[in-house]
Structure formats: C-alpha cells, structure tokens
Amino acid sequence: MENDARKTLIGEAIGHALHDTWFGVTPVLLAAISTPLDLSNSDIGLMLLLYQGVSSLTQPIFGRLSERLGGRLFAVGSILWTTLLFTGALFAPTKLILGACITMAGFGSGAFHPQGTTNATVAGGRRYGATAASLFFFGGTLGTAFVGAALGGFLIDQFGRQSLVAISALIIVLALTVVRRMVPRELSLPHARDEAESKTGIGATKGAAWAVIGVLLAAIAFRSLAQHTLVTYTPKFQQDLGVAPAAYGLLLSLFLTANAIGGVLGSFLGDRAGFRQVLVGSLLLSALAMSLFMRLDGLAGNVNFVLTGLFLGPSHTLLLVSGQRRFPQRMAMISGIFLGFTFLSGGGGAWGLGLLSDRIGLEAVLGLLPIAMVGGAVCALIAVPSQRAVAAASQAPEPVANPE
Numbered sequence: 000m001e002n003d004a005r006k007t008l009i010g011e012a013i014g015h016a017l018h019d020t021w022f023g024v025t026p027v028l029l030a031a032i033s034t035p036l037d038l039s040n041s042d043i044g045l046m047l048l049l050y051q052g053v054s055s056l057t058q059p060i061f062g063r064l065s066e067r068l069g070g071r072l073f074a075v076g077s078i079l080w081t082t083l084l085f086t087g088a089l090f091a092p093t094k095l096i097l098g099a100c101i102t103m104a105g106f107g108s109g110a111f112h113p114q115g116t117t118n119a120t121v122a123g124g125r126r127y128g129a130t131a132a133s134l135f136f137f138g139g140t141l142g143t144a145f146v147g148a149a150l151g152g153f154l155i156d157q158f159g160r161q162s163l164v165a166i167s168a169l170i171i172v173l174a175l176t177v178v179r180r181m182v183p184r185e186l187s188l189p190h191a192r193d194e195a196e197s198k199t200g201i202g203a204t205k206g207a208a209w210a211v212i213g214v215l216l217a218a219i220a221f222r223s224l225a226q227h228t229l230v231t232y233t234p235k236f237q238q239d240l241g242v243a244p245a246a247y248g249l250l251l252s253l254f255l256t257a258n259a260i261g262g263v264l265g266s267f268l269g270d271r272a273g274f275r276q277v278l279v280g281s282l283l284l285s286a287l288a289m290s291l292f293m294r295l296d297g298l299a300g301n302v303n304f305v306l307t308g309l310f311l312g313p314s315h316t317l318l319l320v321s322g323q324r325r326f327p328q329r330m331a332m333i334s335g336i337f338l339g340f341t342f343l344s345g346g347g348g349a350w351g352l353g354l355l356s357d358r359i360g361l362e363a364v365l366g367l368l369p370i371a372m373v374g375g376a377v378c379a380l381i382a383v384p385s386q387r388a389v390a391a392a393s394q395a396p397e398p399v400a401n402p403e
C-alpha cells in the first residue's frame, strides 16, 4: 500500500472512531435515563430507528455529493455535526427533545460513511480491498466500543450524562486537527479495473442481475436486524436484570471489540480464500453462539455473547464490498445505498422487535435472532459467487471493442 493510501486509510479509520463513538454511547445513555424520562423499549428502538432512517435515506445523496465535492468536507463536517447534536441530547429535558436531537444527528452519519467506505476500499486496491474496508470499520467499532459504550457507560454511571461533554470536546479537537489533515480533499475513486468480477454470478439479463442484488440486500437485512437488535437492546436487557451501566457498557464494549476483530480477520481471509465461504460460515457460527448466550448464565453466557460479535464481524464488510464490486465506477453512491439499507433495515427491524418485546419480553425477542442469522447465511450462499467462479471470470478474455 502506498504512503498516500495508507495515510488516507488511517485518517478515515480515526474519523470513523470519532463519529461512531456516539453510536456506542446512545444505547447505554438511553438505558440509563429510561426511568427518569419514562422511555419504553419501543421508545428506545424508535429513536435509533429515526437516527438510522435519516442516515439511510441521505447516504446515497451524500455519496453522490462526495463524488462531486470531495471527501474531506463530509468527513470533518459530519463529525462536528453529529457531536453537536448529541451534545444537545445530553441536556434534553424531555424525550421529545432527546428524540429530535438524535434524529437530526442522522444527517451526520449519512454524510460520513459513503466517502469513508469508498476511500478505505480504494486504498486497499483489488487485492486487499475488503481488508482495508474492514480496518475502516474496525476504527469505527473501536470508537463505538471503548470511547462510546465503555467510557461513556463509566462516565454516566459515575458523574451523570452531562459528563459526556468531555468526550464531545475531545472529538471536536481531533476532527479539526487529525482527520482534517489526513483525509484527502478529493474522494479516491478506482482507476480502470477489470470489471469481470462485477458480472460474476449475475447472469446475462438485467432481471437476473437485480434478482441477485435483491438476495444480497436480503442477506444484509437479516444480518443487520441481528446486529442492531443486539446493540440496541442488550443494555436494556441487562438493566432489567439489575446490572449496573458500567457493567453492561463493558459487556457491549467487548461485543463490539470482538465484532471489529472478527471483521478484520474475516475480511483478510475473504480476500485470500473467497467471500462466500467466510460469509456463510461466520453467520452460521454467530447463530450458534447467540443460541448458547440465551441458554447459559453468568460467564459462559457472556463469553458466547462476545463470540456472537466476533462471528458477526466479517459479514458486514464482505457484503458491502460484494456490492461495491458490482458497481465499481459509482462506489460512493453504491456504498451509500448499501449502508443506508443496512441501517434502515436494522433500525426498522430493531424497532419492530422492540414493540414485540413490550408484549412478550426482551428475552423472547432476543431468542429469535439466531433465525435471522441463518437466513442471512442462506442468502449469502445464493448471492455471492464462489472463489472458483470469480477466478474463472477474471481469466475470461476481454470483449473486442467495436472500432466504429
């Protein structure tokens, strides 16, 4: 990897950590203030749905804008916007104002992720595109896990929610100094590349192509439903069991850390051995670990919860890069569409399960998630080409251009 590409990747990963710190803070914050602000499970799910809905609907737009206006503007500006809105949420006296601040912060998420994902994937080139993208997501998950869930939970537990202003100040300073300096003004776009891979497994007709894309999006929806539901409701589930915010913040932090590590290891393996095998295997293993988490208590249950995060990690990056490779010249816009669908399907599904949990309980709802993980594995098996098919397509002769 060249020095400029490495610098871009590091800058985007740091920016992702700063931005997604607030995604880690939010479930812990909402669980901790659920009693004084009278927040139900469905209220928590709805607030995160609105945040993710705004992010989802705007990501394709911001992706196209970043292709025209460059990445740095949206990388730095989005971090500042999200931080200011969540800082306002820390002082919200009612759940209406709280929900409005969280919802408006979704514009920041919509602006940051398409340019960041594109810069990261291109920095890795054809050989290590998924690995580089996973390092970008690794940075975001570390911010979510350590600065957001763990440190945020500790500060809330010890000093109250207003103490998170210290995190706001740190993020603003780093965004204006480190991220602004390392993220390039112009968005990185792939040079001329072999597009055979984008056609692999799609078929000869447009109908077949969109059918495969539809199955790929279904895999994203199943996987996102499981991930978002776990992140949204596990703190509340632990709160209902009498666990302190610092403790369930730490557990969520370990889950997210394992998720990030699994993403990097699984993406590296996917670049070497093929996406399909890693996708299907990791999703099935996550379903098994989640089932054990719901059946075991104490340390054994917590270990399996962390393993669930580890095995869920690779699928996010590999599904996204699979979509990018089908549309190599519109990577930022396609990244926005796929990421937007990820957030919308996950947030919408989590909200729906929150409504259901108000009737049947969180334990019963969490017990349904292994089914979603198995569904994602089946869809990935259908939509993602095997390594042998990719290799065969890359060796196929180029079509001869019409001289006219």
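Take the sequence shown: its position 122, counting from 1, is numbered 121 in numbering that gives the first Met the number 0, and each next residue is one higher. Beta carbons are placed, not taken as given, at the ideal position from N, Cα and C, and that holds for glycine.
Relative to the C-alpha of Leu150, which residue among Leu282, Leu283 and Gly23 is closest?
Within the sequence shown, the letter at position 151 stands for residue 150. Measuring from the Cα of Leu150, the nearest candidate turns out to be Gly23.
Thr86 and Val164 closer than 9 Å at C-beta
Position 87 of the sequence shown, counted from the first residue, corresponds to residue 86. Position 165 of the sequence shown, counted from the first residue, corresponds to residue 164. Against a cut-off of 9 Å, the Cβ pair of Val164 and Thr86 comes out as a contact.
Where Trp209 and Ala99 are concerned, what is the direct C-alpha to C-alpha distance, given to the nearest angstrom?
Sequence index remark: in the sequence shown, residue 209 carries index 210 (1-based). Sequence index remark: in the sequence shown, residue 99 carries index 100 (1-based). The alpha-carbon atoms of Trp209 and Ala99 are separated by roughly 36 Å.
Three-state class that DSSP yields for Leu186 in the structure shown:
Locating residue 186 in the sequence shown gives position 187, counting from the first residue. If DSSP states are grouped into helix, strand and coil, Leu186 belongs with coil.
Taking C-alpha atoms, which residue in Leu368, Gly265 and Gly269 lies nearest to Phe292?
Counting from one through the sequence shown, the residue named residue 292 turns up at place 293. Among Leu368, Gly265 and Gly269, the Cα nearest to that of Phe292 is on Leu368.
Per-residue DSSP class, three states only, for Ala129:
Reading the sequence shown from its first residue, position 130 is the one you call residue 129. Helix, per DSSP.
Going straight from the alpha carbon of Leu9 to that of Gly70, what length do you get?
Counting from one through the sequence shown, the residue named residue 9 turns up at place 10. Counting from one through the sequence shown, the residue named residue 70 turns up at place 71. Checking the displayed sequence, the identity of residue 9 turns out to be Ile instead of Leu. If I take the Cα positions, the gap works out to 14 Å.
Where does Asp296 fall in DSSP's three states?
Along the sequence shown, one-based indexing puts residue 296 at 297. Here Asp296 sits in coil by DSSP.
Helix, strand or coil, according to DSSP, for Ala210 in the structure here?
By one-based count along the sequence shown, residue 210 stands at place 211. Looking at Ala210 - three-state DSSP - the assignment turns out to be helix.
Cutting at 6 Å between CB atoms, please list the residues of its own chain near Val373, excluding the five before and the five after it.
Residue mapping note: residue 373 aligns to position 374 of the sequence shown, counting from 1. So the qualifying residues of the chain are Ala286.
Please state whether the Cβ-Cβ distance between Ala16 and Val146 is less than 9 Å.
For the purposes of this step, residue 16 is taken as residue 17 along the sequence shown, with counting starting at 1. For the purposes of this step, residue 146 is taken as residue 147 along the sequence shown, with counting starting at 1. Their beta carbons are under 9 Å apart, which means Ala16 touches Val146 by this criterion.
Residue range of the alpha helix (DSSP H) that includes Gly151:
Here residue 151 refers to the residue found at position 152 of the sequence shown. Where Gly151 is concerned, the enclosing alpha helix (DSSP H) stretches over Gly151 to Phe158.
Taking 9 Å as the threshold (beta carbon to beta carbon), is Gly87 in contact with chain B?
Note that chain B does not occur in the displayed structure, where there is just one protein chain.
Are the CB atoms of Ile101 and Leu47 within a distance shorter than 9 Å?
Against the sequence shown, residue 47 aligns to sequence position 48. Against the sequence shown, residue 101 aligns to sequence position 102. For Leu47 and Ile101, yes; Cβs fall inside 9 Å.
Uninterrupted alpha helix (DSSP H) stretches inside the segment 326-373 (no shorter than 4 residues)
330-359 and 361-365
Buried versus exposed, by CB contacts within 10 Å (16 or more), Ala122
The residue given as residue 122 occupies position 123 in the sequence shown. When all chains shown are included, Ala122 counts as buried.
Are the beta-carbon atoms belonging to Ile260 and Leu309 less than 9 Å from one another?
In the sequence shown, the residue the question calls residue 260 occupies position 261. In the sequence shown, the residue the question calls residue 309 occupies position 310. A contact, by the Cβ cut-off of 9 Å.
Does the contact criterion of 3 or more C-beta pairs under 8 Å hold for the segment 343-352 versus the segment 318-326?
no
Beta-carbon proximity list for Phe137, same chain, < 8 Å, skipping 5 on both sides:
For this step, residue 137 is matched to residue 138 along the sequence shown. Taken in chain order, the residues that qualify are Ala12, Ala259, Ile260, Gly262 and Val263.
Any idea if Asp37 is buried or exposed, counting beta-carbon neighbours within 10 angstroms, 16 or more meaning buried?
Walking along the sequence shown from the start, residue 37 turns up at place 38. Flag for Asp37 reads exposed.
Measuring CB to CB, does Thr228 end up less than 9 Å from Leu365?
Walking along the sequence shown from the start, residue 228 turns up at place 229. Walking along the sequence shown from the start, residue 365 turns up at place 366. In contact: Thr228 and Leu365 (Cβ atoms closer than 9 Å).
Report yes if the CB atom of Phe73 is closer than 9 Å to the CB atom of Ala110, and no otherwise.
Counted from its first residue, the sequence shown places residue 73 at position 74. Counted from its first residue, the sequence shown places residue 110 at position 111. Against a cut-off of 9 Å, the Cβ pair of Ala110 and Phe73 comes out as a contact.
For Glu185, count neighbouring Cβ atoms within 10 angstroms of its own Cβ and tell me buried if that reaches 16, exposed if not.
One-based indexing of the sequence shown puts residue 185 at position 186. Classification for Glu185: exposed.
Along the chain, where does the alpha helix (DSSP H) containing Gly44 start, and where does it finish?
Locating residue 44 in the sequence shown gives position 45, where the first residue counts as 1. Note, Gly44: alpha helix (DSSP H), Asn40 to Leu68.
What is the DSSP secondary structure of Arg192, counted as helix, strand or coil?
Within the sequence shown, numbered from 1, the residue matching residue 192 stands at position 193. Model confidence at Arg192 stands at a pLDDT of 44, short of 50, so the residue's coordinates are unreliable; what they give is reported in the following sentence. Coil, per DSSP.
In or out: Glu66 buried (at least 16 other Cβ within 10 Å) or exposed?
For the purposes of this step, residue 66 is taken as residue 67 along the sequence shown, with counting starting at 1. With 16 or more Cβ atoms within 10 Å of its Cβ, Glu66 is classed as buried.
Can you give the Cα-Cα distance for Ala91 and Ala245, rounded to whole angstroms?
Sequence index remark: in the sequence shown, residue 91 carries index 92 (1-based). Sequence index remark: in the sequence shown, residue 245 carries index 246 (1-based). Distance between the alpha carbons of Ala91 and Ala245 is about 22 Å.
Do the segment 162-178 and the segment 268-288 make contact, defined as three or more Cβ pairs closer than 8 Å?
no
Looking at C-alpha atoms only, which residue of Ala218, Leu250, Ala104 and Ser162 is the closest neighbour of Leu298?
Counted from its first residue, the sequence shown places residue 298 at position 299. Considering only alpha carbons, the answer is Leu250.
Nearest-angstrom beta carbon gap, Ala257 and Gln114 [assumed within contact, 8 Å]:
What you label residue 114 is simply residue 115 of the sequence shown in a count that begins at 1. What you label residue 257 is simply residue 258 of the sequence shown in a count that begins at 1. Actually they are not in contact, since the Cβ atoms of Gln114 and Ala257 sit about 27 Å apart, beyond 8 Å.
Roughly how many whole angstroms lie between the Cα atoms of Glu79 and Trp21?
On the sequence shown, position 80 is the one that residue 79 refers to. On the sequence shown, position 22 is the one that residue 21 refers to. Just to set this straight, residue 79 is Leu in the shown sequence, not Glu. Distance between the alpha carbons of Leu79 and Trp21: 12 Å.
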